[in-house]
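A.B. asks:
Residue numbers (the working numbering), protein chains in the order written: chain A, 327 to 573; chain B, -12 to 290.
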């Protein structure tokens, strides 16, 4: 039987009368790359906040990495990885300090931290930069480092919130190489992006409109279903129907 | 006369340690949309700040609407509109107050140039009494554009107006820009999204403070010299690993649903390649020669 790493059922979040996330249900498999798409204001961030255990749902249920997002939020947080464009690393710590700091936060032992940082530095080819302040690294390097740190504790699932915004085309692709590799090694990847070509790299994508999931399938099947040639066109067809004021 | 001339502009920070712009030159013709396209850290914002007289370049010369950015600073400030990448309006003034404030500063009225902003302003008018700081990202962006336009600038500077904006809203934003162009406003716009290049009349691709090329979007695609192939199979991750391991492969990048691949020798034997992929266990192999996109060109030019 396949292993479900994330299960949501009728997950809903209301702010007063406003239904930010409206009855969303989906399951993610081990090692799957899942693209979570939607226009600004569709409810992606609110949904993601519930799934990473920092916002309580109004109703519905979800388990993430095997833990309940109502009762076990601390266990959810320590068993997932998270990275966003806005928050990832401490600019005024060096590369190695950031690795040690986050590995420590995630509860790795000193011995594990030592081993992990060696492997990571080797893989990212950053040996000459270990004592460099993160602030002075090129953006593409920062993103790769911050992804590697987000999965330093081998989480079952990692959440990436627009990880490649503003990154140059080559670095953006090198970043996806890391995503592929992580998925290949069994980590489930939950990713939001505004680059529609990146949606094509996912095993499955969902498209959110006005708080609801309006489509969820593999890029191939979605294109077939909507009779178009790209996910960009699927997105436009669905997002145009939105009635909510865009964020 | 050109709307903007930039000649050999160099800009460094931290006493010369960080090079932001490295002898940059280009011109923007009157009435055109010129796109400055490149990733974060390319030097786009430094260039905008130099052209809007907010920053002095180390060396080089630049003029906007015929005015020297150093000597004629005051004249330039009257005739340009500038929308910075970071939201810079007064957060504790309302939507309407911000707009009136900018109109007054430039000695005009909202009424006088309302036709310029109407299409955009009607979308935020229902929130005209809301403080700017309380607006959503998309509405802030629209208000900032209105404020940059309200004095009918000759040249409009838009620094990454669509960053972080979803594809549908981005498309809307570009259709607004085309309408502004019809009003005769020259526009310099920067973006990290390569797919927006085709919406500009001319573009400069920029990286690490260097301009890689300046041309029309078509001109850039036409000057791409190599043969480019789109390759697919049922296992894309394995396909990347395999193609990169082949001796004859020059570059292999994921591009949406297929891989874009160039070979060291343009006369690569496709049948041989197909067989090689088959023997590595690939099925449903498709190899097609394709026309490059701007992003392919950027990848080819950057090294």
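Idealized CB from N, CA, C, for every residue including glycine.
These numbers come from a predicted model, not from an experiment.
Step through the CB atoms of chain A and report whether any lies within less than 8 Å of the CB of residue 22/B.
C.D. replies: Within the second chain, residue 22/B is the residue found at index 35, counting from 1. So no, residue 22/B is outside the interface.
A.B. asks: Say whether chain B places a C-beta atom closer than 8 Å to the C-beta of residue 556/A.
C.D. replies: Start at 1 with the first residue of the first chain, and residue 556/A comes out as number 230. Interface residue, yes.
A.B. asks: Check each candidate in 341/A, 418/A, 337/A and 565/A and name the one with the smallest Cα separation from residue 462/A.
C.D. replies: Position 136 of the first chain, counting from 1, holds the residue named residue 462/A. That would be 418/A, whose Cα lies nearest to the Cα of residue 462/A.
A.B. asks: Pairing CB atoms from the region 434 to 448 of chain A with CB atoms from the region 498 to 511 of chain A, are three or more of them under 8 Å?
C.D. replies: Cβ pair count under 8 Å is below three, so no.
A.B. asks: What are the partner residues of residue 421/A, as DSSP defines its beta bridges?
C.D. replies: Stepping through the first chain from its first residue, residue 421/A is reached at position 95. Its beta-bridge partners do not exist; DSSP assigns none.
A.B. asks: Quick check: the Cα distance between residue 207/B and residue 263/B, rounded to an integer number of angstroms?
C.D. replies: By 1-based counting over the second chain, the position of residue 207/B is 220. By 1-based counting over the second chain, the position of residue 263/B is 276. Residue 207/B and residue 263/B: Cα-Cα distance of roughly 33 Å.
A.B. asks: Going along the chain, which residues of the region 237 to 266 of chain B sit with their C-beta nearer than 8 Å to a C-beta in chain A?
C.D. replies: For the region 237 to 266 of chain B, which is checked against every Cβ of chain A, the residues closer than 8 Å are 240, 241, 242, 243 and 244.
A.B. asks: Could you name the residues that DSSP lists as bridge partners for residue 20/B?
C.D. replies: Here residue 20/B refers to the residue found at position 33 when the second chain is read from its first residue. The partner list for residue 20/B (beta bridge, DSSP) reads 174/B.
A.B. asks: For residue 493/A and chain B, any beta-carbon pair shorter than 8 Å?
C.D. replies: Here residue 493/A is taken as the residue at index 167 of the first chain, counted from 1. Yes, contact with chain B.
A.B. asks: Which class does residue 381/A belong to by DSSP, given the choice of helix, strand or coil?
C.D. replies: For the purposes of this step, residue 381/A is taken as residue 55 along the first chain, with counting starting at 1. Three-state DSSP puts residue 381/A in coil, outside helix and strand.
A.B. asks: Residue 563/A and residue 552/A look like a contact to me (Cβ under 8 Å); what is the Cβ gap, rounded to whole Å?
C.D. replies: Sequence index remark: in the first chain, residue 563/A carries index 237 (1-based). Sequence index remark: in the first chain, residue 552/A carries index 226 (1-based). At roughly 6 Å, the Cβ-Cβ gap stays under 8 Å, so residue 563/A and residue 552/A are in contact.
A.B. asks: Taking the alpha-carbon positions, what's the residue 362/A to residue 110/B distance?
C.D. replies: Indexing the first chain from 1 puts residue 362/A at position 36. Indexing the second chain from 1 puts residue 110/B at position 123. So the alpha carbons of these two residues sit roughly 27 Å apart.
A.B. asks: Which whole-angstrom value is the C-beta distance of residue 142/B and residue 67/B, which I expect to be below 8 Å?
C.D. replies: Within the second chain, residue 142/B is the residue found at index 155, counting from 1. Within the second chain, residue 67/B is the residue found at index 80, counting from 1. So it is a contact: roughly 5 Å between Cβ atoms.
A.B. asks: Are the region 464 to 484 of chain A and the region 514 to 522 of chain A touching, with three or more C-beta to C-beta distances below 8 Å?
C.D. replies: Short answer: they touch.
A.B. asks: So is residue 285/B buried or exposed if we call it buried at 16+ other beta carbons inside 10 Å?
C.D. replies: Translated into the one-based positions of the second chain, residue 285/B becomes position 298. Counting Cβ neighbours within 10 Å, residue 285/B comes out buried, since at least 16 surround it.
A.B. asks: CA-CA distance, residue 91/B and residue 99/B?
C.D. replies: By 1-based counting over the second chain, the position of residue 91/B is 104. By 1-based counting over the second chain, the position of residue 99/B is 112. Taking the straight line joining both Cα atoms gives about 11 Å.
A.B. asks: Residue 526/A: buried (16+ other C-beta within 10 angstroms of its C-beta) or exposed?
C.D. replies: Position 200 of the first chain, counted from the first residue, corresponds to residue 526/A. Result: buried.
A.B. asks: Looking only at its chain, what residues have a beta carbon closer than 7 Å to the beta carbon of residue 476/A, apart from the 5 residues adjacent to it on each side?
C.D. replies: Here residue 476/A refers to the residue found at position 150 when the first chain is read from its first residue. Same-chain partners within the cutoff: 407, 408, 409 and 484.
A.B. asks: Between the Cα of residue 331/A and those of 341/A, 376/A, 348/A and 388/A, spot the shortest distance and give me the residue it belongs to.
C.D. replies: The residue given as residue 331/A occupies position 5 in the first chain. Ranking 341/A, 376/A, 348/A and 388/A by Cα distance to residue 331/A puts 388/A first.
A.B. asks: Show which residues of chain B have a CB atom less than 9 Å away from the CB atom of residue 561/A.
C.D. replies: Start at 1 with the first residue of the first chain, and residue 561/A comes out as number 235. In chain order: 153, 154 and 155.
A.B. asks: Round the Cβ separation of residue 44/B and residue 194/B to the nearest angstrom and send it over; I've been treating them as touching at under 8 Å.
C.D. replies: Your numbering for residue 44/B matches position 57 in the second chain. Your numbering for residue 194/B matches position 207 in the second chain. Not confirmed; about 19 Å, so no contact.
A.B. asks: Give me the Cα-Cα distance between residue 447/A and residue 57/B, rounded to the nearest whole angstrom.
C.D. replies: The residue given as residue 447/A occupies position 121 in the first chain. The residue given as residue 57/B occupies position 70 in the second chain. Cα-Cα distance, rounded: 46 Å.
A.B. asks: For residue 78/B, I'd like the list of residues in its chain whose CB is within less than 6 Å of its CB, leaving aside the five on either flank, ordered along the chain.
C.D. replies: Reading the second chain from its first residue, position 91 is the one you call residue 78/B. Closer than 6 Å at Cβ, skipping near neighbours: 119 and 120.
A.B. asks: Using a C-beta to C-beta distance shorter than 8 Å, which residues of chain A count as neighbours of residue 293/B?
C.D. replies: Summary: the structure shown does not reach residue 293/B, with chain B confined to residues -12 through 290, and so no result is reported for it.
A.B. asks: Can you give the Cα-Cα distance for residue -8/B and residue 1/B, rounded to whole angstroms?
C.D. replies: Residue mapping note: residue -8/B aligns to position 5 of the second chain, counting from 1. Residue mapping note: residue 1/B aligns to position 14 of the second chain, counting from 1. C-alpha separation (whole angstroms): 26 Å.
A.B. asks: Thinking C-beta only, is residue 115/B closer than 8 Å to residue 83/B?
C.D. replies: For the purposes of this step, residue 83/B is taken as residue 96 along the second chain, with counting starting at 1. For the purposes of this step, residue 115/B is taken as residue 128 along the second chain, with counting starting at 1. Against a cut-off of 8 Å, the Cβ pair of residue 115/B and residue 83/B comes out as a contact.
A.B. asks: In chain A, what lies closer than 8 Å to residue 181/B by C-beta?
C.D. replies: Indexing the second chain from 1 puts residue 181/B at position 194. Going along chain A in sequence order, the residues near residue 181/B (Cβ under 8 Å) are 495.
A.B. asks: For residue 130/B, collect the residues of the same chain with a Cβ closer than 8 Å to its Cβ; drop the 5 residues on either side in sequence, then sort them by chain order.
C.D. replies: Numbered from 1 along the second chain, position 143 holds the residue referred to as residue 130/B. Excluding residues within five positions, the ones whose Cβ falls inside 8 Å are 76, 82, 85, 86, 111, 119 and 122.
A.B. asks: Classify residue 562/A as helix, strand or coil using the three-state DSSP reduction.
C.D. replies: The sequence position of residue 562/A within the first chain is 236, counting from 1. Here residue 562/A sits in helix by DSSP.
A.B. asks: Start and end of the beta strand (DSSP E) containing residue 83/B?
C.D. replies: Indexing the second chain from 1 puts residue 83/B at position 96. Careful: residue 83/B lies outside any beta strand (DSSP E), inside the alpha helix (DSSP H) at 82 to 92.
A.B. asks: Of all the options 213/B, 241/B, 167/B and 175/B, which has the alpha carbon lying nearest to the alpha carbon of residue 105/B?
C.D. replies: Numbered from its first residue, the second chain carries residue 105/B at position 118. Considering only alpha carbons, the answer is 167/B.
A.B. asks: Using a beta-carbon distance cut-off of less than 7 Å, what residues from the region 511 to 534 of chain A approach chain B?
C.D. replies: Under the 7 Å Cβ criterion, the region 511 to 534 of chain A contributes 520, 522, 523, 526 and 527.
A.B. asks: Counting only runs of 3+ residues fully inside the region 182 to 228 of chain B, write out the beta strand (DSSP E) ranges in chain order.
C.D. replies: As far as the region 182 to 228 of chain B is concerned, its whole beta strand (DSSP E) runs of at least 3 residues are 189 to 194, 197 to 202 and 215 to 219.
A.B. asks: To the nearest angstrom, how far is the alpha carbon of residue 213/B from that of residue 252/B?
C.D. replies: Taking the second chain and counting its residues from 1, the one referred to as residue 213/B is at position 226. Taking the second chain and counting its residues from 1, the one referred to as residue 252/B is at position 265. So the two alpha carbons sit approximately 9 Å from each other.
A.B. asks: How about residue 148/B and residue 494/A: are their beta carbons less than 8 Å apart?
C.D. replies: Here the question's residue 148/B lines up with position 161 in the second chain. Here the question's residue 494/A lines up with position 168 in the first chain. Result no, Cβ atoms of residue 148/B and residue 494/A do not sit closer than 8 Å.
A.B. asks: So, does the region 210 to 227 of chain B touch the region 180 to 187 of chain B, judging by three or more C-beta pairs under 8 Å?
C.D. replies: Cβ pair count under 8 Å is below three, so no.
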